[in-house]
Amino acid sequence: MQTLSTFRKVILITGCSAGLGKAIAEKLVRSDRYRVVVTARQSSFDKLTSIFPENENTMLLPLDVTQDAEISAVVNEVCRRWERIDVLINNAGVCFRSVVEHMDVSAEDLQMRTNFFGPVNLMKAVLPIMREQRGGHIVNISSVSGMVSMPTMASYSASKHALEGVSEALWYECRPFGIHVSIVQPGFINSASFKNVILSPKARLSYELRGPHSEYYDSMAPFIEKLMGYSFSRPDAVANRIMKLIESNNPPLRTKVTLDAILFGILRRVIPGSWFHKMMFYFLPESKHWGK
Ligand SMILES: NC(=O)c1ccc[n+]([C@@H]2O[C@H](COP(=O)([O-])OP(=O)(O)OC[C@H]3O[C@@H](n4cnc5c(N)ncnc54)[C@H](OP(=O)(O)O)[C@@H]3O)[C@@H](O)[C@H]2O)c1
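The sequence shown begins at 1443 in this note's numbering and counts up by one.
Set out below in C-alpha cells:
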C-alpha cells in the first residue's frame, strides 16, 4: 500500500520493445518518480528483460494489444500488485502502406486492431479504475496522419483518424471524473521505424509488376524515409515532451510534438481545404508523373 509520502503514479505503456515506446519507458524508469508497467508482445519480450531490470517500481508484462485476454490479464495483475493505474500510454502501432485499391482485408484488420481497437479496449479496461480513483490520464499516440492523409498511407491514416475521433469524444466523457485525455501528434521522427512499414501483398505485387500505381510506391517510400532521416526530432526528444504532458496538471487535448506536426497544424488551420490538397499534391515527389 502506497502512503502519501511514498506515492508514485502507476503508468502503463504499450509497445516498449523499440522506438518511441522504448524511449518513453526508459525515461519514466530512469526518472525514479513513477511505478512503470513496461509491456511488449511475447515475441519481443526478451528485448524488454535485457533493457529494463524488474524491481519494486518496474513491472514487465507481456501484452499484445490485439488480444483481449492479455489486456485483462495485464490490468488485473497491475491492480493486484499496485492497486491503481494513473496513466495509460497507448503507444504500440503498426503501419501498412498501400494505395486504397490495394488495401486488403487481413492487413486492414490488423492495422485497425493494433492502432484503434487495441487502444480502445485498453481504455475501456482502465476507465472504471480511473473513475473510481476520481483521476487518471489517457495518452494516445496518434500522428500527423491523424490530421492529414497522404497517398499510400490510407489505412494508417484511417486508424489514427479513428483514434483521434474516439479520444475527442472521451475527453468530454471523462472531464467530470477528473480523467484527462491527450492526443499526441508526432510528425516524422528520426528513427529506423520506417523499416517496419509493411507493404500490403497487393501493393507489393503491383509494385513488382510495375502496375499503374508503381510510381506512387517508387516516390512515396523514399520520400518518407528521407523526411524521417532529415527530422530533428529523435524518439528521446519526443519522449521528453510526453513526460511533460504526464506531469502537467492541465494537459491539453492535442499536443503536436515535432516541428513538421506544428507546421501541418498551422497550414491546415489557415489554408482552405481545397487549396491545401492542391498544394500538397504539387509538393509530393514526382506527383506530376503519377498515373502516366
Ligand atoms: N516513427 C514515426 O515517425 C512516427 C510518427 C508518428 C506517429 N508514430 C506513432 O508512434 C508510435 C510508436 O511508433 P514507433 O515509431 O516507435 O514505431 P516502431 O519503432 O515500429 O515500434 C512500434 C512498437 O509497437 C509494438 N507493437 C506492434 N504491434 C503490437 C501489438 N499488437 N501489441 C503490442 N505491441 C505492438 C512493436 O513491438 P514488436 O517489437 O513486438 O513489433 C514496437 O515495440 C506508433 O503508434 C506510431 O504510429 C510514429
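Note that beta-carbon positions come from the ideal geometry of N, C-alpha and C, so glycine has one too. Since this is a predicted model, take the numbers as computed values, not measurements.
For this session: Mind checking which residues open and close the alpha helix (DSSP H) that includes P1561?
Result: G1560 to Q1575
For this session: Assign P1628 to one of two classes, buried (16 or more other C-beta atoms within 10 Å of its C-beta) or exposed (fewer than that).
Result: Buried: at least 16 other Cβ atoms inside 10 Å.
For this session: Inspect the CB distances between the region 1619-1626 and the region 1576-1589 and report whether three or more fall short of 8 Å.
Result: yes
For this session: Rounded to whole angstroms, what's the CA-CA distance from V1516 to T1500? Just pull it up for me.
Result: 14 Å
Exercise. Using the beta-carbon count (16 or more within 10 Å), is Y1724 buried or exposed?
Worked result: exposed
For this session: Please state whether DSSP places I1631 in a helix, a strand or coil.
Result: Coil.
Exercise. Got a sec: does ligand 1 put a non-hydrogen atom nearer than 7 Å to the Cβ of F1630?
Worked result: Flag set: Cβ of F1630 near ligand 1.
Exercise. Relative to the C-alpha of S1486, which residue among A1460, I1713 and H1719 is closest?
Worked result: A1460
Exercise. Do you know offhand how far G1671's Cα is from L1701's?
Worked result: G1671 and L1701: Cα-Cα distance of roughly 14 Å.
Exercise. Could you check where the beta strand (DSSP E) with K1668 kicks off and where it finishes?
Worked result: Careful: K1668 lies outside any beta strand (DSSP E), inside the alpha helix (DSSP H) at S1656 to Y1672.
Exercise. Is the beta carbon of T1594 sitting closer than 8 Å to the one on G1560?
Worked result: no
For this session: Rank S1540, E1468 and K1464 by C-alpha distance to the C-alpha of R1646 and give the top, closest one.
Result: S1540
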